[in-house]
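In our numbering, the protein residues as written are 1359 to 1695.
Encoded structure:
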């Protein structure tokens, strides 16, 4: 039983996961997360209401919300892509189970991915039913990043099945712990960015270094990072006071500094290895661009286009770091360092 089909599907799933994460960010930036007030349909219908009769029926069913077709379609397209990704991951789990007797086939990882995507569906539902509760929105982002990361791992492991096990001396290397640390730091920083976005805290500070032009700014860390919530509230637009949002923004900036230093150190130390040189240079370039985008967002008040590019930049950093990690492990595994 060959592995060409699951390998192809895993690569398609990686592309879809990237699209879903970008669409999720765009949905959040455009305030379209509640463009459809129910789940999995939209105003009780399979698609966004388009005709006068369907719009009237929708607004009669949901009297507190008007139909916004642009936001509704943005949300539904995100769901359609996510649903398609879920079906492909279901197929990968089934193909993995069929190949469970193949030595080294990542059956467990395929099943973990299926469980994760089911959980993502639940978080997607809660995102709507709990009206953009920041804790749920941030966990939904984490689930998306984990899905992408595990899909890349699945694809790499399936692709290596034809390699002889005798080629794997697995030499230890002082760079390994730093690579693992970089992945953790970047995940944490992206989650801080998600928390910032979910609480609409990107607008809280408009100075590139300090929060405001004043010498001191009031920062409320306790409220900004409190996990308590009101199940009846609508969190669209944010509900936190200015000092709490400012605290979130400043922690995100501090995290960015830690992330830049850590990832830059990893990239610089990886340039000496031939196979790692290209992803290391890509990582360095993206780090510089992402830092500049962060400054621009702070100074310009987080315009929609810049916010989307910043979101895409974070995803690009994750992909380039995972690429670098894969190249590093390939050299380590084959003993070329």
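From the three backbone atoms N, C-alpha and C, an ideal C-beta is built for every residue, glycine too. Since the model is a prediction, treat every value here as computed from it, not as a measurement.
Next item on the list: Starting from residue 1639, follow the alpha helix (DSSP H) in both directions and report where the run begins and ends.
Entry: Looking at the DSSP string, the run of the alpha helix (DSSP H) that includes residue 1639 is 1635 to 1658.
Notebook entry, point to check: Quick check: the segment 1414 to 1434 against the segment 1393 to 1403, are there 3 or more CB pairs under 8 angstroms?
Noted result: The segment 1414 to 1434 is in contact with the segment 1393 to 1403.
Note to self: Could you tell me which whole alpha helix (DSSP H) segments of length 4 or greater appear in the segment 1567 to 1633?
What the structure shows: Within the segment 1567 to 1633, the alpha helix (DSSP H) runs of at least 4 residues that lie entirely inside it are, in chain order, 1579 to 1582 and 1600 to 1628.
Item checked: Contacts around residue 1605, its chain only, beta-carbon distance under 6 angstroms, and the 5 residues preceding and following it disregarded -> These residues qualify, in order along the chain: 1577, 1578, 1579 and 1582.
Note to self: Restricting to runs no shorter than 4 residues, where is the alpha helix (DSSP H) found entirely within the segment 1395 to 1453?
What the structure shows: The segment 1395 to 1453 contains, as complete alpha helix (DSSP H) runs of 4+ residues, the segments 1410 to 1419 (chain order).
Item checked: Cutoff 6 angstroms; reference residue 1683; Cβ partners in own chain excluding five residues on either side -> Short of 6 angstroms from the beta carbon of residue 1683, and not among the five residues preceding or following it, lie these beta carbons of its own chain, in chain order: 1537.
Next item on the list: Using 10 angstroms around the beta-carbon of residue 1360, count the other beta-carbons present and answer buried if the total reaches 16, otherwise exposed.
Entry: Exposed: under 16 other Cβ atoms inside 10 Å.
Item checked: Sub-9 angstroms separation of residue 1365 and residue 1513 beta-carbons -> Yes, these two residues count as a Cβ contact at 9 angstroms.
Checklist line | Unbroken alpha helix (DSSP H) run spanning residue 1507, endpoints | finding: Counting along the chain, the alpha helix (DSSP H) containing residue 1507 begins and ends at 1492 to 1517.
Margin query: Distance check for residue 1542 and residue 1448, CA to CA, integer angstroms please.
Written below: Roughly 27 angstroms separates the two Cα atoms.
Check: Do you know how far the Cα of residue 1544 is from the Cα of residue 1601?
Finding: Roughly 26 angstroms between the two C-alpha positions.
Next item on the list: Measure the beta-carbon distance from residue 1628 to residue 1614 and round it to whole angstroms, keeping in mind my assumption that it falls under 8 angstroms.
Entry: Actually they do not touch by this definition, with Cβ atoms about 21 angstroms apart.
Note to self: According to DSSP, simplified to helix, strand and coil, what is residue 1464?
What the structure shows: When DSSP states are grouped into helix, strand and coil, residue 1464 belongs to the coil group.
Margin query: Between 1566, 1571, 1503 and 1567, which has its C-alpha nearest residue 1546's C-alpha?
Written below: With distances taken between Cα atoms, residue 1546 lies closest to 1503.
Check: Short check: CB of residue 1757 to CB of residue 1668, under 9 angstroms?
Finding: Since the first residue of the chain shown is 1359 and the last is 1695, residue 1757 is not available in this structure.
Notebook entry, point to check: Leaving out five residues before and five after residue 1625 in sequence, what residues of the same chain have Cβ atoms less than 8 angstroms from its Cβ?
Noted result: Result list for residue 1625: 1638, 1639, 1641, 1642, 1645 and 1682, in chain order.
Next item on the list: Go through its chain and collect everything with a Cβ distance to residue 1703's Cβ below 7 angstroms, but skip five positions before and after it.
Entry: Past the edges of the chain, shown from 1359 to 1695, lies residue 1703, and the structure says nothing about it.
Next item on the list: Rank 1458, 1405 and 1425 by C-alpha distance to the C-alpha of residue 1435 and give the top, closest one.
Entry: Selection 1458, 1405 and 1425 evaluated against residue 1435 yields 1405 as nearest (Cα-Cα).
Next item on the list: To the nearest angstrom, report how far apart residue 1451 and residue 1507 are at their CA atoms.
Entry: The straight-line gap from Cα to Cα measures roughly 16 angstroms.
Check: Going straight from the alpha carbon of residue 1636 to that of residue 1665, what length do you get?
Finding: Roughly 27 angstroms between the two C-alpha positions.
Checklist line | Close beta carbons around residue 1680, own chain, < 6 angstroms, minus the five adjacent residues each side | finding: Cβ within range, chain order: 1510.
Notebook entry, point to check: Quick one: what does DSSP say residue 1556 is sitting in, helix, strand or coil?
Noted result: Note: residue 1556 maps to helix in three-state DSSP.
Notebook entry, point to check: Does the beta-carbon of residue 1678 have 16 or more other beta-carbons within 10 angstroms, so that it is buried, or is it exposed?
Noted result: Flag for residue 1678 reads buried.
Check: residue 1612 to residue 1411, Cα distance in whole Å?
Finding: Rounded to whole angstroms, residue 1612 to residue 1411 spans 52 angstroms at the Cα level.
Notebook entry, point to check: With DSSP run on the structure shown, which of helix, strand or coil describes residue 1457?
Noted result: In the structure shown, the three-state DSSP call for residue 1457 is coil.
Notebook entry, point to check: What is the DSSP secondary structure of residue 1364, reduced to helix, strand or coil?
Noted result: It is helical.
Checklist line | Burial state of residue 1390, where buried means 16 or more other Cβ atoms lie within 10 Å | finding: Residue environment: residue 1390 is assigned as buried (16 or more neighbouring CB atoms within 10 Å of its CB, all protein chains considered).
Margin query: For residue 1425 and residue 1589, what's the separation of their Cα atoms in angstroms?
Written below: For residue 1425 and residue 1589, the distance between alpha carbons rounds to 23 angstroms.
Note to self: Please report the distance separating the alpha-carbon of residue 1661 from that of residue 1549.
What the structure shows: Rounded to whole angstroms, the gap between the alpha carbons of residue 1661 and residue 1549 is 20 angstroms.
Notebook entry, point to check: Which word fits residue 1495, buried or exposed, when buried means at least 16 other C-beta atoms lie within 10 angstroms of its C-beta?
Noted result: By the neighbour-count rule (16 or more Cβ atoms within 10 Å), residue 1495 is buried.
Notebook entry, point to check: When you compare only the Cα positions, how much space is there between residue 1619 and residue 1420?
Noted result: Their backbone Cα atoms lie some 49 angstroms apart in a straight line.
Next item on the list: Find out if the Cβ-Cβ distance for the pair residue 1428, residue 1395 is shorter than 9 angstroms.
Entry: Result no, Cβ atoms of residue 1428 and residue 1395 do not sit closer than 9 angstroms.
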